[in-house]
Amino acid sequence: MTDNSTNVNAPIIDLQNVSVGYEGNEEVLSNISLSLDAGSFTFITGKSGAGKTTLLNMLYLYKKPTKGILNVFGNNINFSNRDTLALLRQKIGVVFQDFRLLENLSVYENIALPLRVRGMNEKEIYRRVVELLNWVELQKSIYKNCASLSGGEKQRVAIARAVINRPDILFADEPTGSVDSEIAAKIMRLFVELNRVGTTVLIATHNEQLTSSYNFQRVNLYNGTAKLYPALGRI
Amino acid sequence: MKRDLIADRHNNLPIDDEDSSAFMYVLTSIFIYLFVIVMAIVMAINSMAGNWEKDITGSLTVQIIPVEDAEKHIDTVKTLEQQNRVLQFMENVSGVKRVRVLTSQDIEKLMTPWLGNKVNISALPIPVLLDVSLKDNADINYDEVTRGLRQITPNASIDNHRLWLNRLLKFASSLKNTALTVLFMVAVICAFSIYYSTKTSLSINLSSIEILHIIGATDDYIAKQYAANYAKIGFFSGIIGLMVAVPCILLVGKYGISTGSGLINGAELKTSSWVIIMITPLFSLLYSTLTSYFTVRKSLEKMV
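Dropping the structure here:
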């Protein structure tokens, strides 16, 4: 169960009767069963406090389910050791609502991090980071410390860091929450582009305008339960 | 600029920017200083005890109180007669290699460090001394030899160096054990300091560590960053501690030699001891690196 390779026949994410909660508190999500195929694009919706971030925390392997079975890349997370989890995380990109950049490091260093932990050589890291910085239009800020960036710039650095290792799954928690509509549209175009080349994308958002603008399936969280709505076409 | 970026590649966490790093440099330097000093003491005691044993093992001394006449003057004829009989007796004892009567010059040389040059030693009632060399692994029955000597003259007695040497060796051994305990304590306290400093740093950098984990960093990757920082602290603190300790050792050694005491002169540090002292920074590097590495590994195991 701790095999590192992805099982192509299994869904890329599979939850069977999964419950999750925080110590001493009630379960935030209870008895969720859900399967997401590789290459899918999914919005996770729900009101504030519905458990979108908790679900994402669990899916990007930061939190283990308290009950049930969670399989990611065909690996049962409850039985995966720490090194296996680290290897699985290397195939995942995450864009946090609060960016979570290492503020002591430069823009370059932050974006290079996922490649460094994979042990990639510096020449290749430099090439990839510069290429991505051009794309997110932050090439002039390459040596800037992240603490000195604006919210929108931080968001773009966070996205660049999440996609630099060409992840199999990309999670984004309210990725357009702190940027203007023009940048939001650009960010969404990037996610769609990544999805076209095979990346499974999950975006947690409470922005109904955003979800209604795209023809993708939707997992709605309500009262601790999850319901999957297939893509029906543009509304 | 590109080179600057690459130079920092192993340091994702702001570990070496913390005040605690500066504190650890000072603390570890002090520990290394103490460690080197105590280690030098242990090695000096070892060397001293070895020298005592080497000098004294395989020999014993027989002393004969000179015979006095009625007017309390030394009767040289009778004294010489006793000396010859004792000499003959000792030469026939099984295990004895050679017996030599110490000349007045030999005795004067022995007494000068204690009495100084100004005292006329020949005027003193110094006993006749016989230096007896023993064969290797000689098993002398000291009680039997003492009885034999008493039969020749009650003025003769045997001075078995082993008896007082054992007392000295016991004393040296207790000193060495105390020093070793101090050495052990210094090493343990140093390990605890590194442990708590690492734990504090982990708490401070918890959110950064979480991010590193989420992007796929293994515990080993994070632990190596701490280990690299503590390797630097261990090595440079080792150098500083050593640079302060070596002059102290040399100074104490110089004063020891100036006492002119044969006992203390034996406490010299051999070349091998100096080599051990000089590689202390490498030991410090290894010790602090491993301590911090395993502290981080153990602490991270508790995280998701």
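Protein sequences, first through last, are from chains C and R. Every number in this note's numbering is 16 more than the matching position in the first sequence, counting from 1. Every number in this note's numbering is 14 more than the matching position in the second sequence, counting from 1. Every residue, glycine too, gets a C-beta built ideally from N, C-alpha and C.
Cα-Cα separation between residue i and residue j, rounded to whole angstroms
i, j, result
"residue 218 (chain C)", "residue 28 (chain C)", "12 Å"
"residue 237 (chain R)", "residue 215 (chain R)", "12 Å"
"residue 185 (chain R)", "residue 231 (chain R)", "55 Å"
"residue 171 (chain R)", "residue 300 (chain R)", "57 Å"
"residue 265 (chain R)", "residue 258 (chain R)", "11 Å"
"residue 236 (chain C)", "residue 215 (chain C)", "21 Å"
"residue 346 (chain R)", "residue 109 (chain R)", "A question about residue 346 (chain R) goes unanswered here, because the residues of chain R that appear run from 15 up to 318."
"residue 209 (chain C)", "residue 254 (chain R)", "57 Å"
"residue 2 (chain R)", "residue 286 (chain R)", "Residue 2 (chain R) is absent from the structure shown; chain R starts at 15 and stops at 318."
"residue 87 (chain C)", "residue 189 (chain C)", "21 Å"
"residue 93 (chain C)", "residue 71 (chain C)", "14 Å"
"residue 227 (chain C)", "residue 156 (chain C)", "33 Å"
"residue 187 (chain C)", "residue 153 (chain C)", "22 Å"
"residue 57 (chain C)", "residue 208 (chain R)", "48 Å"
"residue 205 (chain C)", "residue 179 (chain C)", "13 Å"
"residue 141 (chain R)", "residue 92 (chain R)", "13 Å"
"residue 45 (chain R)", "residue 263 (chain R)", "16 Å"
"residue 43 (chain R)", "residue 25 (chain R)", "23 Å"
Buried or exposed (CB count within 10 angstroms, at least 16 for buried), residue i
i, result
"residue 202 (chain R)", "exposed"
"residue 200 (chain C)", "buried"
"residue 227 (chain R)", "buried"
"residue 97 (chain R)", "buried"
"residue 66 (chain R)", "buried"
"residue 64 (chain R)", "exposed"
"residue 193 (chain R)", "buried"
"residue 244 (chain C)", "exposed"
"residue 221 (chain C)", "buried"
"residue 97 (chain C)", "exposed"
"residue 181 (chain R)", "exposed"
"residue 239 (chain C)", "exposed"
"residue 36 (chain R)", "exposed"
"residue 157 (chain R)", "exposed"
"residue 137 (chain R)", "exposed"
"residue 177 (chain R)", "exposed"
"residue 298 (chain R)", "buried"
"residue 50 (chain R)", "buried"
"residue 248 (chain C)", "exposed"
Residue i in three-state terms, based on DSSP
i, result
"residue 258 (chain C)", "A query on residue 258 (chain C) cannot be resolved here, the shown segment of chain C reaching from 17 to 251 and no further."
"residue 4 (chain C)", "With chain C represented from 17 up to 251, any question about residue 4 (chain C) goes unanswered, as that position is not in the structure."
"residue 89 (chain C)", "coil"
"residue 239 (chain R)", "helix"
"residue 209 (chain C)", "helix"
"residue 77 (chain R)", "strand"
"residue 218 (chain R)", "helix"
"residue 107 (chain R)", "coil"
"residue 89 (chain R)", "coil"
"residue 116 (chain R)", "coil"
"residue 282 (chain R)", "coil"
"residue 236 (chain C)", "strand"
"residue 22 (chain R)", "In this prediction, residue 22 (chain R) scores a pLDDT of 47, lower than 50, which makes its location untrustworthy; the coordinate-derived value is nonetheless stated afterwards. Coil at residue 22 (chain R), not helix or strand."
"residue 245 (chain C)", "strand"
"residue 126 (chain R)", "helix"
"residue 252 (chain C)", "As shown, chain C starts at 17 and ends at 251. That puts residue 252 (chain C) outside it, with no answer to give."
"residue 221 (chain C)", "coil"
"residue 194 (chain C)", "coil"
"residue 215 (chain C)", "coil"
"residue 108 (chain C)", "strand"
"residue 267 (chain R)", "helix"
"residue 186 (chain C)", "strand"
"residue 82 (chain R)", "strand"
"residue 145 (chain R)", "strand"
"residue 255 (chain R)", "helix"
"residue 37 (chain C)", "strand"
"residue 68 (chain R)", "helix"
Contact set for residue i: own chain, Cβ-Cβ below 6 Å, skip 5 residues either direction
i, result
"residue 233 (chain R)", "311 and 314"
"residue 250 (chain R)", "none"
"residue 135 (chain R)", "122 and 125"
"residue 83 (chain C)", "35"
"residue 27 (chain R)", "219, 222 and 239"
"residue 32 (chain C)", "49, 84 and 85"
Same chain, Cβ closer than 8 Å to residue i, neighbours up to 5 away in sequence not counted
i, result
"residue 122 (chain C)", "158, 159, 160, 161 and 162"
"residue 224 (chain C)", "61"
Own chain residues within Cβ distance below 7 Å of residue i, not counting five before or after
i, result
"residue 241 (chain R)", "303, 306 and 307"
"residue 120 (chain R)", "none"
"residue 131 (chain C)", "141, 144, 180 and 181"
Report the residue ranges of all alpha helix (DSSP H) runs contained in full by the region 111 to 184 of chain C; include only those spanning at least 4 residues, in chain order.
The qualifying runs are 123 to 133, 138 to 151 and 167 to 179.
Which runs of the beta strand (DSSP E), 3 residues or longer, sit entirely within the region 49 to 98 of chain C?
57 to 61 and 83 to 88
For a minimum of 3 consecutive residues, which ranges assigned as the beta strand (DSSP E) are wholly contained in the region 161 to 233 of chain R?
As far as the region 161 to 233 of chain R is concerned, its whole beta strand (DSSP E) runs of at least 3 residues are 170 to 173.
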